[in-house]
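Quick note, the sequence shown lines up with residues 28 to 214 if you use our numbering. Right, one structure below, let's go through it.
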Amino acid sequence: MIAPITIVEERTVGPTLGAENVQLGFQAILMGFGLVFLFMIIYYRAFGVVANVALGANLVLIVGIMSLIPGATLTLPGMAGIVLTVGMAVDANVLIFERIREEIREGKTIQQAIHQGYEAAFSTIIDANITTLIAALILFAVGTGPVKGFAVTLSIGIITSIFTSVVGSRTIVNAIWGGKRLEKLSI
């Protein structure tokens, strides 16, 4: 016996609804970045500014690499990948900065604390990002359409966030505080 089918609701998504969703997605990215920027400055002070520069560079790199991929467009799932990347990039900076604080509490000099903070956090950052990258690659391999877009954006974001949080922020920190005799650090 065949079960009867009753249509309860039917919807058509037009271009205005899609454009509205893209606009809302873009606003979510801006709001997410704004709140993260504010938190990092309030909680980590000068180091928060360094983290924010690294996050901004990360966004520029993601968009730049996406523009190099033929046929790539930024969709809502791609925007979600960017938002997740922001969280992962912030996590990397938080790990580094907390390790620096820990080293200072243990009585290390400022220069030693900065060096040890980056060294100690590196393996944790790599582990977390590699496992997420593996998940993104699996999503790309088995997914279709929007899932692939999310996976591509997330993969690019993970690679760029490792670079900006480890190499980029360390370069800025060394340029500002490296080689100086400091008694106190604004972190």
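Even glycine gets a Cβ: it sits at the ideal position worked out from N, Cα and C.
Can you list, in chain order, the residues of its chain whose CB lies under 6 Å from that of residue i, leaving out five sequence neighbours each side?
i	result
threonine 187	Asn85, Leu88, Ile89
leucine 82	Ala116
phenylalanine 74	Phe124, Ile214
arginine 72	Ser213
valine 93	Strictly speaking, residue 93 in this sequence is methionine, with valine absent from that position. Ala99, listed in sequence order.
Residues in its own chain within less than 8 Å of residue i by CB, not counting five upstream and five downstream?
i	result
phenylalanine 149	Val193
lysine 135	Gln143
I need the straight-line Cα distance from residue i to residue j, nearest angstrom please.
i	j	result
valine 80	glycine 98	29 Å
valine 49	threonine 180	15 Å
valine 200	glutamate 36	57 Å
valine 174	leucine 166	7 Å
threonine 112	alanine 30	45 Å
threonine 198	phenylalanine 190	11 Å
isoleucine 68	aspartate 118	15 Å
threonine 171	alanine 163	13 Å
leucine 95	glutamate 210	46 Å
glutamate 47	glycine 108	19 Å
isoleucine 32	isoleucine 157	46 Å
phenylalanine 64	alanine 202	21 Å
arginine 38	valine 169	28 Å
Please tell me whether residue i and residue j are closer than 8 Å, where the distance is taken between their beta carbons.
i	j	result
glutamine 138	glutamate 130	no
arginine 126	alanine 155	no
valine 76	serine 196	no
arginine 128	isoleucine 214	yes
isoleucine 56	valine 110	yes
Grab me the residues of residue i's own chain with a C-beta within less than 7 Å of its C-beta, minus the 5 sequence neighbours each way, in chain order.
i	result
leucine 160	Ser182, Ile185
isoleucine 141	Ile127, Val200, Trp204
Would you call the region 122-129 and the region 102-109 in contact, with 3 or more CB pairs under 8 Å?
The region 122-129 is not in contact with the region 102-109.
With contact counted as at least three CB pairs below 8 Å, one residue from each stretch, are the region 158-178 and the region 57-64 in contact?
The region 158-178 vs the region 57-64: no contact.
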